[in-house]
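A.B. asks: Residue numbers (the numbering used here): 1302 to 1915.
Even glycine gets a Cβ: it sits at the ideal position worked out from N, Cα and C.
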């Protein structure tokens, strides 16, 4: 038996490549409004709709489900759960007296279809009860209007989005009933809506004499899954797993889960469960997710997608919402394009993107909606335009208005890299020498205390990880001694086993716990909370400072071990954030793209000793 508290602390997710997913906990108890067996993406990869919440099994009258109602967990199927494994697919094994039931869940890639396969051993009668709704996955709601129609071997549920639930070997019995007051503890703790009602339209039933295999398919389409469907998915997973070395192979499926189709192109989901495709996140993630795994065609498709959405020199922050309020996404886009070229030497694609790249530089040298090149040739940006963009009551918690250290390092690197690319491609470049002048102006960021100011104009000496990003994502801005000083400062003030804090604990504004209501969490988001993705820039900066010595590479690999061996929260993936204070509880999204990507990239960089190569 897996204890209830342990079982709900670990979550799994499987995805379908278009933004949809299935997800629950290791005991099958849904603790989030985002949990369910079919969350369909109606306009890939967004407009995600929760349709099938769970399938509740009863074996010889014994219920195997787990639901939290006011004051009670009922039934308590975890008492019959023998084991759970997440790989190769989420699989539950139950034992009820002399009967064993195995339940395995997978999705058909490219379709809003979930297949649940059962193997029952032992004479028994089994009943499988679907609990359904029809709502945005972001919020619980009242009772949606759902009508059911009989279809061959199952039921068609009509609402805003039609849902077909069918079985290959079980009989469907209609018996419609609403169940009330399901509670989602994780949402209650986050200060969000946490109670809802679910509809049971009927149930599937079968008698077992000896052994029986059966499946239930839930789909928004007409897909009728068969044995070849799971074999196709297993073969696809085997290919994905082969892209990474054994030590980090567990992250290969997580890396794959973020790549999604958008129209005729591709994009990258920032994190599960609730994010869509964000420009900044996608560009930071692309090297680790796609270049390090050799998925160059996919990388090219993602870059093309974001290139097509550039407006006034800006890559959208949130592609789904078409928001253009970030100063760094365009510079990170240029970095990702240059990394793509360094891996592929694909001149044809660089020439295709060149006009867009030049338009970005042109806009930054004049004025974008969120920033401009000042008289000292550094980029000055408006508040809330960097990755530290949380707001409370409409005001930025970490404004960072002015000239930000990592933004200007990225600005310098964009100019330097594109000037090099112009020579390789014989394409026009009109800003000769600008990178060198920016480098000279960047000296203003040096703080005599022995690290980099977070911002200048106005000067902000807060100890934050942005100085590490500046060192890692640029070449030649600082002397070796100053790089070492930055790394030493970050090590002493910011480094934890799970990444870097966003603010030194010695700062009066530091908040060590990421918890509570949305307002409380937003206040802590960049004021001390640990971000795993920052371990990537830290390791790159550390290796640079140590000149990639063998000893430093071994130490870098050891720094990644806590994240690679993490067994809390999202299974087989890496969380969005951790508390700044020990024991550094994981929190936020259970699976974050740049967390996974930067751990992959940093691991391969440390293992090979090759800077910015995977």
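How long is the line joining the alpha carbons of residue 1445 and residue 1458, rounded to whole angstroms?
C.D. replies: Position 144 of the chain shown, counted from the start, is the residue given in the question as residue 1445. Position 157 of the chain shown, counted from the start, is the residue given in the question as residue 1458. Taking the straight line joining both Cα atoms gives about 12 Å.
A.B. asks: From the DSSP output, in three-state form, read off residue 1314 for me.
C.D. replies: Position 13 of the chain shown, counted from the first residue, corresponds to residue 1314. Strand.
A.B. asks: Anyone know if the C-beta pair for residue 1846 and residue 1785 falls short of 7 Å?
C.D. replies: Taking the first residue of the chain shown as position 1, residue 1846 is located at position 545. Taking the first residue of the chain shown as position 1, residue 1785 is located at position 484. Cβ distance < 7 Å, so residue 1846 and residue 1785 count as in contact.
A.B. asks: Indicate the three-state DSSP secondary structure (helix, strand or coil) for residue 1650 in the structure shown.
C.D. replies: The residue given as residue 1650 occupies position 349 in the chain shown. In this structure, residue 1650 counts as helix in the three-state DSSP scheme.
A.B. asks: Taking residue 1319 and residue 1545 to be in contact with their CB atoms under 8 Å, please state how far apart those CB atoms are, rounded to whole angstroms.
C.D. replies: The sequence position of residue 1319 within the chain shown is 18, counting from 1. The sequence position of residue 1545 within the chain shown is 244, counting from 1. With a Cβ gap of about 23 Å, residue 1319 and residue 1545 do not count as contacting.
A.B. asks: Could you name the residues that DSSP lists as bridge partners for residue 1409?
C.D. replies: Taking the chain shown and counting its residues from 1, the one referred to as residue 1409 is at position 108. Partner(s): none; residue 1409 has no beta bridge.
A.B. asks: According to DSSP, is residue 1667 helix, strand or coil?
C.D. replies: Position 366 of the chain shown, counted from the start, is the residue given in the question as residue 1667. In the structure shown, residue 1667 sits in a helix (DSSP, three-state: H, G or I).
A.B. asks: Quick one: what does DSSP say residue 1504 is sitting in, helix, strand or coil?
C.D. replies: Counting from one through the chain shown, the residue named residue 1504 turns up at place 203. Three-state result, residue 1504: strand.
A.B. asks: Does DSSP put residue 1427 in a helix, in a strand, or in coil?
C.D. replies: Taking the first residue of the chain shown as position 1, residue 1427 is located at position 126. Correct three-state label for residue 1427: strand.
A.B. asks: Assuming the contact rule is C-beta atoms closer than 8 Å, residue 1518 and residue 1428 should be a hit. Round their C-beta distance to whole Å, please.
C.D. replies: For this step, residue 1518 is matched to residue 217 along the chain shown. For this step, residue 1428 is matched to residue 127 along the chain shown. Contact flag wrong, Cβ pair sits at about 18 Å.
A.B. asks: Just to confirm, is the Cβ distance from residue 1829 to residue 1802 under 7 Å?
C.D. replies: Sequence index remark: in the chain shown, residue 1829 carries index 528 (1-based). Sequence index remark: in the chain shown, residue 1802 carries index 501 (1-based). For residue 1829 and residue 1802, yes; Cβs fall inside 7 Å.
A.B. asks: With a Cβ-Cβ cutoff of 7 Å, do residue 1849 and residue 1910 count as a contact?
C.D. replies: Here the question's residue 1849 lines up with position 548 in the chain shown. Here the question's residue 1910 lines up with position 609 in the chain shown. In contact: residue 1849 and residue 1910 (Cβ atoms closer than 7 Å).
A.B. asks: Tell me which same chain residues have a C-beta within less than 7 Å of the C-beta of residue 1758, skipping the five on either side of it?
C.D. replies: Your numbering for residue 1758 matches position 457 in the chain shown. Within the same chain, residue 1758 has close Cβ partners 1681, 1703, 1704.
A.B. asks: Please report the straight-line C-alpha distance between residue 1426 and residue 1364, rounded to a whole angstrom.
C.D. replies: Counting from 1 along the chain shown, the entry for residue 1426 is found at position 125. Counting from 1 along the chain shown, the entry for residue 1364 is found at position 63. When rounded, the distance between both Cα atoms is 12 Å.
A.B. asks: Looking at the secondary structure, which residues open and close the beta strand (DSSP E) in which residue 1800 lies?
C.D. replies: The residue given as residue 1800 occupies position 499 in the chain shown. 1800–1802 is the extent of the beta strand (DSSP E) around residue 1800.
A.B. asks: Report the rounded CA-to-CA distance for residue 1787 versus residue 1768, giving the unit in angstroms.
C.D. replies: Looking up residue 1787 in the chain shown gives position 486. Looking up residue 1768 in the chain shown gives position 467. Residue 1787 and residue 1768: Cα-Cα distance of roughly 7 Å.
A.B. asks: Mapping the DSSP letters down to three states, classify residue 1904 as helix, strand or coil.
C.D. replies: For this step, residue 1904 is matched to residue 603 along the chain shown. Residue 1904: helix per DSSP, three-state reduction.
A.B. asks: Let's see if you can read the secondary structure: which residues bound the alpha helix (DSSP H) around residue 1422?
C.D. replies: Numbered from its first residue, the chain shown carries residue 1422 at position 121. Element bounds for residue 1422: not the alpha helix (DSSP H) but the beta strand (DSSP E), 1414–1422.
A.B. asks: Within a Cβ cutoff of 7 Å, which residues of the same chain sit near residue 1592, ignoring the five residues on either side of it in sequence?
C.D. replies: Here the question's residue 1592 lines up with position 291 in the chain shown. Counting only Cβ-Cβ distances below 7 Å, and skipping sequence neighbours, we find 1600, 1640, 1641, 1644, 1915.
A.B. asks: What do you reckon, are the CB atoms on residue 1894 and residue 1569 nearer than 7 Å?
C.D. replies: For the purposes of this step, residue 1894 is taken as the residue at position 593 of the chain shown. For the purposes of this step, residue 1569 is taken as the residue at position 268 of the chain shown. Closer than 7 Å, so yes.
A.B. asks: To the nearest angstrom, how far is the alpha carbon of residue 1343 from that of residue 1736?
C.D. replies: Locating residue 1343 in the chain shown gives position 42, counting from the first residue. Locating residue 1736 in the chain shown gives position 435, counting from the first residue. The alpha-carbon atoms of residue 1343 and residue 1736 are separated by roughly 45 Å.
A.B. asks: Hey, residue 1689 and residue 1885: beta-carbon distance below 7 Å or not?
C.D. replies: To locate residue 1689, count along the chain shown from 1; it is residue 388. To locate residue 1885, count along the chain shown from 1; it is residue 584. In this structure, residue 1885 does not lie closer than 7 Å to residue 1689 by Cβ.
A.B. asks: CA-CA distance, residue 1807 and residue 1763?
C.D. replies: Indexing the chain shown from 1 puts residue 1807 at position 506. Indexing the chain shown from 1 puts residue 1763 at position 462. C-alpha separation (whole angstroms): 10 Å.
A.B. asks: If you follow the alpha helix (DSSP H) that residue 1645 is part of, which residue opens it and which one closes it?
C.D. replies: Start at 1 with the first residue of the chain shown, and residue 1645 comes out as number 344. Where residue 1645 is concerned, the enclosing alpha helix (DSSP H) stretches over 1630–1645.
A.B. asks: Are residue 1684 and residue 1697 touching if we call contact CB-CB under 7 Å?
C.D. replies: Numbered from its first residue, the chain shown carries residue 1684 at position 383. Numbered from its first residue, the chain shown carries residue 1697 at position 396. A contact, by the Cβ cut-off of 7 Å.
A.B. asks: Tell me which same chain residues have a C-beta within less than 6 Å of the C-beta of residue 1913, skipping the five on either side of it?
C.D. replies: To locate residue 1913, count along the chain shown from 1; it is residue 612. With a pLDDT of only 45 at residue 1913, under 50, the local geometry of the prediction cannot be trusted, and the value read off the model is given with reservation. Cβ neighbours of residue 1913 beyond the five flanking positions: none.
A.B. asks: Go ahead and pull the three-state DSSP assignment for residue 1913.
C.D. replies: By 1-based counting over the chain shown, the position of residue 1913 is 612. With a pLDDT of 45 at residue 1913, under the threshold of 50, the modelled position of this residue cannot be trusted, and the question is left open.
A.B. asks: How about residue 1482 and residue 1371: are their beta carbons less than 7 Å apart?
C.D. replies: In the chain shown, the residue the question calls residue 1482 occupies position 181. In the chain shown, the residue the question calls residue 1371 occupies position 70. Contact: yes.
A.B. asks: Please give the ranges of any alpha helix (DSSP H) in the region 1767–1801, keeping only runs that are unbroken, at least 4 residues long and fully inside the region.
C.D. replies: Listed in chain order, they are 1767–1773, 1781–1794.
A.B. asks: Among all the DSSP beta bridges, which residues are the ones paired with residue 1385?
C.D. replies: Along the chain shown, one-based indexing puts residue 1385 at 84. Answer is 1393, bridged to residue 1385.
A.B. asks: Roughly how far, in whole angstroms, is the beta-carbon of residue 1514 from the beta-carbon of residue 1420, given that I think they are within contact range, below 8 Å?
C.D. replies: Here residue 1514 refers to the residue found at position 213 of the chain shown. Here residue 1420 refers to the residue found at position 119 of the chain shown. About 5 Å; that satisfies the 8 Å criterion.
A.B. asks: Residue 1856 by DSSP, collapsed to three states: which one?
C.D. replies: The residue you call residue 1856 lines up with position 555 of the chain shown. Three-state result, residue 1856: helix.
A.B. asks: Please specify which runs of the beta strand (DSSP E), each continuous and at least 3 residues long, are wholly inside the region 1558–1586, giving them in chain order.
C.D. replies: Qualifying beta strand (DSSP E) stretches, in chain order: 1560–1563, 1566–1569.
A.B. asks: Hey, is the region 1465–1481 in contact with the region 1405–1412, meaning 3+ C-beta pairs nearer than 8 Å?
C.D. replies: No contact exists between the region 1465–1481 and the region 1405–1412.
A.B. asks: If you run the structure through DSSP and keep just helix, strand and coil, what is residue 1493?
C.D. replies: For the purposes of this step, residue 1493 is identified with residue 192 of the chain shown, where counting begins at 1. Correct three-state label for residue 1493: coil.
A.B. asks: Quick check: the Cα distance between residue 1558 and residue 1317, rounded to an integer number of angstroms?
C.D. replies: Along the chain shown, one-based indexing puts residue 1558 at 257. Along the chain shown, one-based indexing puts residue 1317 at 16. Taking the straight line joining both Cα atoms gives about 8 Å.
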